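Peer 1:
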Amino acid sequence: MFPNLRVIGGQELIMNYALVIYQNTHLVEVGLPKLTTIINGGVRIMDNTQLCYSRYIDWGTMLIGPANDILIDQSKSTDSGLSFSFSYLLLLYTLVASM
């Protein structure tokens, strides 16, 4: 996805979330290995039935702003996946990245 993304600024939010990953039925991994900081806004990861290991990412250490909710639907995620494709990805961010 965005392997060099380091910072999400979060100037524009939807319902106080800067990062939203929603209804990606074949998404297996988040794909943000260098992400370290979300300046403003929370994280919402919902309805991604094949997404692996998202519950093990310590999102709380990345959030430094006032709007910092974390909502992750862990009931449907798996710890192993078979394919990597996107059905629908909604990523809301204002970013500062070294690409």
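Numbering (full-length UniProt numbering), first residue to last: 1 to 99.
The beta carbon of each residue, even a glycine, is placed where N, CA and C say it ideally should be.
Values in this document were obtained by computation on a predicted structure and should not be read as measured data.
Who are the near neighbours of Ile45 in its chain, counting only those whose CB is closer than 6 Å to its CB and skipping five residues on each side?
Peer 2: Contacts found: Ile21, Ser54 and Ile72.
Peer 1: Buried or exposed: Asn4, going by 16 or more other Cβ atoms within 10 Å of its Cβ?
Peer 2: Answer is exposed; the Cβ neighbour count stays below 16.
Peer 1: On the three-state DSSP scale, how would you describe Tyr56?
Peer 2: Helix.
Peer 1: Take Asn68 and list the residues in its own chain whose beta-carbon comes closer than 6 Å to its own, dropping the five residues that flank it on each side.
Peer 2: Correct list, in chain order: Gly42.
Peer 1: State the Cα-Cα distance for the pair Trp59 and Gly31, rounded to the nearest angstrom.
Peer 2: Cα to Cα, the separation comes out at about 14 Å.
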